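**Student:** Start counting the sequence shown at 40; every next residue gets the next number (this note's numbering).
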Amino acid sequence: DESAARVAALAAWRAGQDGRAARVLVTSVQALFQRTLPPDELPTEPLIIRRGARLGQAMVLRSLLKLGYEAVSEVGGRGEFARRGGIVDCFPAGQPLPVRIEWFGDEIDSLRAFDPADQRGVGAIEQTVLLPASEFLFPAAEQGPTAATAWLRDRLGRLAGKLSEPLQQDLAHLANGQLGDAAEIWAGVLAPASGLDHLGDAIWLLDEPRDVHDAGDSLRAQAEERRAEMERARDLPKGWADAYPASRDWKRALVEARTLELTWESEADGAPPGGNPFGWHEPVMPPQAITSLAPTIRRWRREGARVVLTSDQSARLSEILAEADMVAAPTAHLPEPPPPGGLVLVERSLNGGFAGGPDGLVLVSDRELFGTVRVRRPRALRRVVPRDLLERLEPGDIVVHIDHGVARYAGLVRRGAGGDGGEERDFLELHFRDKDRIWVPVEQIDRVSRYAGGEQPVLSKLGGGEWQRAKTRVRKAVGDLAKELLELYAARAGVRGRAFGGDTPWQSEMEAAFPYEETRDQLRAAQEVKADLEHERPMDRLVVGDVGYGKTEVAIRAAFKAIQEGTQVAVLVPTTVLAAQHLSTFNQRFAAYPITVRMLSRFVPPQDQRDTLAGLASGSVDLVIGTHRLLSRDIRIRDLGLVIVDEEQRFGVAHKERLKRLKTEVHVLTLSATPIPRTLNLALVGVRDMSVIETPPEDRLPIQTRVAEASAGLVRDAINRELDRGGQVFYVHNRVETIEAQAEQLRRLLPRARIVVAHGQMPEGGLEKVMMAFARGDFDVLVCTTIIESGLDIPNANTIVIDRADALGLAQLYQLRG
Numbered sequence: 040d041e042s043a044a045r046v047a048a049l050a051a052w053r054a055g056q057d058g059r060a061a062r063v064l065v066t067s068v069q070a071l072f073q074r075t076l077p078p079d080e081l082p083t084e085p086l087i088i089r090r091g092a093r094l095g096q097a098m099v100l101r102s103l104l105k106l107g108y109e110a111v112s113e114v115g116g117r118g119e120f121a122r123r124g125g126i127v128d129c130f131p132a133g134q135p136l137p138v139r140i141e142w143f144g145d146e147i148d149s150l151r152a153f154d155p156a157d158q159r160g161v162g163a164i165e166q167t168v169l170l171p172a173s174e175f176l177f178p179a180a181e182q183g184p185t186a187a188t189a190w191l192r193d194r195l196g197r198l199a200g201k202l203s204e205p206l207q208q209d210l211a212h213l214a215n216g217q218l219g220d221a222a223e224i225w226a227g228v229l230a231p232a233s234g235l236d237h238l239g240d241a242i243w244l245l246d247e248p249r250d251v252h253d254a255g256d257s258l259r260a261q262a263e264e265r266r267a268e269m270e271r272a273r274d275l276p277k278g279w280a281d282a283y284p285a286s287r288d289w290k291r292a293l294v295e296a297r298t299l300e301l302t303w304e305s306e307a308d309g310a311p312p313g314g315n316p317f318g319w320h321e322p323v324m325p326p327q328a329i330t331s332l333a334p335t336i337r338r339w340r341r342e343g344a345r346v347v348l349t350s351d352q353s354a355r356l357s358e359i360l361a362e363a364d365m366v367a368a369p370t371a372h373l374p375e376p377p378p379p380g381g382l383v384l385v386e387r388s389l390n391g392g393f394a395g396g397p398d399g400l401v402l403v404s405d406r407e408l409f410g411t412v413r414v415r416r417p418r419a420l421r422r423v424v425p426r427d428l429l430e431r432l433e434p435g436d437i438v439v440h441i442d443h444g445v446a447r448y449a450g451l452v453r454r455g456a457g458g459d460g461g462e463e464r465d466f467l468e469l470h471f472r473d474k475d476r477i478w479v480p481v482e483q484i485d486r487v488s489r490y491a492g493g494e495q496p497v498l499s500k501l502g503g504g505e506w507q508r509a510k511t512r513v514r515k516a517v518g519d520l521a522k523e524l525l526e527l528y529a530a531r532a533g534v535r536g537r538a539f540g541g542d543t544p545w546q547s548e549m550e551a552a553f554p555y556e557e558t559r560d561q562l563r564a565a566q567e568v569k570a571d572l573e574h575e576r577p578m579d580r581l582v583v584g585d586v587g588y589g590k591t592e593v594a595i596r597a598a599f600k601a602i603q604e605g606t607q608v609a610v611l612v613p614t615t616v617l618a619a620q621h622l623s624t625f626n627q628r629f630a631a632y633p634i635t636v637r638m639l640s641r642f643v644p645p646q647d648q649r650d651t652l653a654g655l656a657s658g659s660v661d662l663v664i665g666t667h668r669l670l671s672r673d674i675r676i677r678d679l680g681l682v683i684v685d686e687e688q689r690f691g692v693a694h695k696e697r698l699k700r701l702k703t704e705v706h707v708l709t710l711s712a713t714p715i716p717r718t719l720n721l722a723l724v725g726v727r728d729m730s731v732i733e734t735p736p737e738d739r740l741p742i743q744t745r746v747a748e749a750s751a752g753l754v755r756d757a758i759n760r761e762l763d764r765g766g767q768v769f770y771v772h773n774r775v776e777t778i779e780a781q782a783e784q785l786r787r788l789l790p791r792a793r794i795v796v797a798h799g800q801m802p803e804g805g806l807e808k809v810m811m812a813f814a815r816g817d818f819d820v821l822v823c824t825t826i827i828e829s830g831l832d833i834p835n836a837n838t839i840v841i842d843r844a845d846a847l848g849l850a851q852l853y854q855l856r857g
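1. With a threshold of 6 Å on Cβ separation, who are the neighbours of T606 within its own chain once the five nearest residues in sequence on each side are excluded?
2. With distances taken from CA atoms, which of D585, S149, R122 and W243 is nearest R62?
3. Given a threshold of 16 other Cβ atoms within 10 Å of its Cβ, counted over all protein chains shown, does L420 qualify as buried or as exposed?
4. For H706, name the three-state secondary structure that DSSP assigns.
5. Leaving aside the five residues before and after V294 along the sequence, list all residues of the same chain whose C-beta is less than 6 Å from its C-beta, in chain order.
6. In terms of DSSP beta bridges, what is R638 paired with?
7. For V582, is the beta carbon positioned less than 8 Å from some heavy atom of the ligand MG?
8. Would you check if the distance between the CB atom of Q781 and the CB atom of D842 is smaller than 9 Å?
9. Could you spell out where the beta strand (DSSP E) holding N773 opens and where it closes?
10. When you compare only the Cα positions, how much space is there between E386 and N626?
11. Contact check, A795 vs V809 under 8 Å by CB: the rounded distance?
12. Could you tell me which residues DSSP pairs with Q688 in its beta bridges?
13. Tell me, please, whether the stretch 183-202 touches the stretch 104-112 by the rule of three or more beta-carbon pairs shorter than 8 Å.
14. Grouping DSSP H, G and I as helix and E and B as strand, with all else coil, what is T876?
15. Rounded to whole angstroms, what is the Cα-Cα separation between A609 and E550?
16. Between which two residues does the alpha helix (DSSP H) holding A446 run?
17. Per DSSP, what are the beta-bridge partners of A110 in this structure?
18. Answer yes or no: do D157 and R93 have a C-beta to C-beta separation smaller than 9 Å?
19. Using the DSSP secondary-structure output, state which residues sit across from S488 in a beta bridge.
20. List the endpoints of the continuous alpha helix (DSSP H) containing F625.
21. Would you grab the beta carbon distance between L572 and K600 for me? Rounded to a whole angstrom, and I think it's under 8 Å.
22. Would you kindly work out how many angstroms separate the C-alpha atoms of E263 and T167, rounded to a whole number?
23. Tell me which residues share the same chain as Q352 and place their Cβ nearer than 6 Å to its Cβ, disregarding the 5 neighbours each side in the sequence.
24. Does the pairing of the stretch 703-710 with the stretch 682-690 give three or more beta-carbon distances under 8 Å?
25. What residue range is occupied by the uninterrupted alpha helix (DSSP H) comprising W545?
26. Among residues of its own chain, excluding the 5 on either side of L429, which ones have a beta-carbon nearer than 7 Å to its beta-carbon?
27. By DSSP, does I674 sit in helix, in strand, or in coil?
28. Should E463 be labelled buried (16 or more other beta-carbon atoms within 10 Å of its own) or exposed?
29. Return the chain-ordered list of same chain residues with a C-beta closer than 6 Å to the C-beta of G799, the five sequence neighbours on each side being excluded.
30. So what does DSSP say about V643, is it helix, strand or coil?
31. Alpha carbon to alpha carbon, what distance is there between P802 and A449?
32. In three-state DSSP terms, what is Q648?
33. Grab the span of the alpha helix (DSSP H) containing Q495 for me, first residue to last.
34. Going by beta-carbon coordinates alone, are I676 and A656 separated by less than 9 Å?
35. Would you report the Cα separation of F175 and L229, rounded to the nearest angstrom?
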């Protein structure tokens with residue numbers, strides 16, 4: 040997807056899909072220096088497929104191969120195509136949806152866009168444009184692996200006979216059209232040009248030129264360091280093509296180009312002389328900006344400033360100003376600035392404010408007022424296609440036979456049904472303890488199921504009473520659980536809870552201020568939760584969704600609704616770190632409203648805990664976020680209306696018993712990415728209501744997962760690659776006694792990285808300080824235990840390295856991966 044998007048951007052810059060070249064190209068240093076197609080290999084007139092055009096299928100297929108498209112059985116991502124008789128599906132670079140092309144003879148009879156998730160058509164289109172699907176095109180790729188190998192060896196020249204074993208494996212993969220992880224090493228061989236070659240005589244605008252130079256030097260230095268290490272290890276021959284342009288080349292291009300440099304620095308700060316100062320700066324807002332907004336605005340107006348407030352919560356902001364005797368009705372448009380000393384309120388926020396200039400303008404956004412930024416989505420949304428996991432029995436798998444117990448599946452065998460002379464049939468061969476075995480006819484496969492337990496079980500003994508006794512114990516336990524659940528849910532059915540009213544204007548405004556575009560499933564889950572809250576029967580709903588799919592926002596909307604009704608909300612979380620993160624999230628979302636949010640955990644000083652407990656008892660605290668401390672017997676909440684449980688599977692039986700007593704009286708909302716089987720089963724059989732969020736956020740990319748043997752070079756490259764893009768890294772080492780030694784080893788391996796350690800046995804307050812510092816970006820790498828698995832939200836951390844992943848459970852790995 041990224042390669043296709045880069046090609047689409049360069050093609051638009053060169054000629055444009057509609058024949059008009061793009062006038063502005065926005066890029067980063069790394070994207071500009073990255074190897075790509077040379078300008079003469081980008082089509083000045085891309086292949087346009089129109090309905091009704093006489094264009095044979097064979098020619099279109101040849102063009103797709105030549106443009107780097109990959110043949111697959113079902114199209115799911117950009118750069119793929121599939122052929123089925125007289126129909127060709129393809130996902131063109133730069134297009135939001137794939138296209139289905141149908142022929143009648145040599146004439147294109149139909150063009151339809153379709154959804155890659157379910158392969159269903161979404162509407163007819165008149166034409167589509169085929170751009171190269173990759174930055175690395177092999178002229179011989181459409182002729183097969185042999186021709187591609189010959190072309191690659193010709194490009195390598197004398198180096199073709201000096202390839203190490205890993206490079207020879209890469210060569211074989213490349214010849215079959217599989218680029219994979221070899222892109223960075225082979226980029227200089229496959230694509231001699233970079234983004235610099237596409238700029239021509241364009242004017243360069245450098246945003247913070249000093250940072251641009253530093254980024255270019257750092258990128259080149261890291262590439263040379265990796266190259267030197269590979270040469271020392273004899274993995275790379277000397278003379279291999281560079282992945283990035285030499286420093287002298289890009290600096291010469293910069294000197295020769297027409298440039299305009301933009302910087303916040305003044306000449307006194309070290310900016311180059313001869314600059315043209317614009318006089319702009321960020322608006323200076325005091326701490327607690329919203330509470331001191333009125334005095335600040337009065338001061339600006341006295342100084343003759345033209346004040347413009349832009350906010351996604353303009354109605355609430357208008358009320359705050361009215362309370363201070365300042366009239367500012369929200370407006371949708373601002374054709375001209377207000378007069379000196381004037382005040383205007385605009386209904387839509389920008390991503391940041393500014394002040395100064397010749398007209399004395401002060402523009403304040405939600406970033407300065409509430410600390411929130413609206414995230415804009417690109418028009419071409421990426422589609423992430425979920426791939427179904429095909430589960431099959433393999434020899435060696437553990438299975439359970441309903442009559443005989445736990446066994447090991449040995450395979451499918453064919454043997455006589457009644458001995459050697461009987462009719463041959465297929466059987467499942469199952470091995471039990473003491474080398475006992477049975478053969479189960481395939482017609483009775485319903486009596487065999489895959490073992491789903493978390494630990495390696497002991498095989499059952501054939502003929503003994505052990506399995507029957509185990510089944511008896513399970514029947515009794517199930518009966519006890521059923522009785523307990525019947526009593527609990529009968530009590531809940533008989534209790535008349537509080538029915539909340541419909542959405543208020545504040546509710547609608549708060550939801551509209553959500554900085555992301557909601558997914559379809561997220562909106563449905565929020566509506567289902569709010570509908571439950573409007574009924575007298577106490578809610579007991581489970582919201583299931585992957586990590587990062589938006590469960591917390593559903594909880595925020597439910598909590599706001601409950602608080603609007605005058606009740607209090609308790610949010611129960613499994614870890615102190617997650618509690619601190621939720622405190623920040625809820626405070627940020629509720630910043631514009633008179634809502635008091637507090638936290639209870641071991642991070643909180645005793646006096647603050649006592650104040651919070653008093654506030655809960657008196658009703659002055661509207662929402663409390665806490666760990667198991669919330670289930671203590673000294674907690675008294677004056678008017679509890681809603682309990683939100685995040686990651687219920689992390690709480691023990693004793694904690695749930697305490698929680699269960701609350702469930703008969705108040706609304707309960709449970710959030711989980713990996714619910715325990717019992718919780719999930721209750722939802723599936725209808726005892727508990729369930730909402731599923733399975734639509735990923737728009738523009739979310741599939742998680743790339745690699746399983747590999749531990750290697751210092753691999754770890755260094757993975758972390759450096761993330762740091763190169765300005766990101767952060769989690770390094771999970773789940774052994775407290777050796778975690779400091781592991782961190783020290785990483786410091787020696789990565790001298791430029793800022794590394795910090797976090798684990799659950801740190802002194803009180805220490806863990807919170809470390810996590811908050813990492814979230815602020817003060818550190819690059821967090822070496823930690825699995826304490827981070829409970830849904831921490833650090834958007835800048837896009838790489839996680841899990842040490843000894845084989846020692847962790849699947850649920851833990853799934854949580855960490857999310």
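The C-beta atom is built at its ideal place from N, Cα and C for all residues, glycine as well.
All figures in this text were calculated on a predicted structure; none of them were measured in a lab.
**Tutor:** So, to answer that:
1. D678 and G680
2. For R62, the closest alpha carbon among the candidates D585, S149, R122 and W243 is that of W243.
3. Confidence at L420 is low in this model, with a pLDDT of 37, below 50, so its placement is unreliable and no value can be given for it.
4. strand
5. none
6. Looking at the sequence provided, one finds Met at residue 638 rather than Arg. Beta-bridge pairing links M638 to I664.
7. As presented, the structure is devoid of all ligands, the ligand MG included, so that no description of it is given.
8. yes
9. Element bounds for N773: n/a, residue is neither H nor E.
10. 22 Å
11. Reading off the sequence, residue 795 comes out as Val, not Ala. With a Cβ gap of about 6 Å, V795 and V809 count as contacting.
12. Partner(s): none; Q688 has no beta bridge.
13. Inter-segment contact for the stretch 183-202 and the stretch 104-112 is absent: fewer than three beta-carbon pairs are separated by less than 8 Å.
14. Residue numbering for the chain in the displayed model covers 40 to 857; residue 876 lies beyond these limits and cannot be assessed.
15. 20 Å
16. Taken as a continuous stretch (DSSP letters only), A446 belongs to no alpha helix (DSSP H), being part of the beta strand (DSSP E) at G444 to G455.
17. F120
18. no
19. V439
20. T615 to R628
21. 6 Å
22. 42 Å
23. E548, A552 and A631
24. Three or more Cβ pairs drawn from the stretch 703-710 and the stretch 682-690 lie within less than 8 Å of each other, which places the two stretches in contact.
25. P544 to A551
26. Here L429 scores only 26 on pLDDT, less than 50, and its place in the model should not be relied on; the value that follows carries that caveat. Nothing listed; no residue qualifies.
27. coil
28. exposed
29. I826
30. coil
31. 51 Å
32. Of the three classes helix, strand and coil, the one that applies to Q648 here is helix, per DSSP.
33. Premise fails: Q495 is in no alpha helix (DSSP H) and is neither H nor E.
34. Result yes, Cβ atoms of I676 and A656 sit closer than 9 Å.
35. The alpha-carbon atoms of F175 and L229 are separated by roughly 6 Å.
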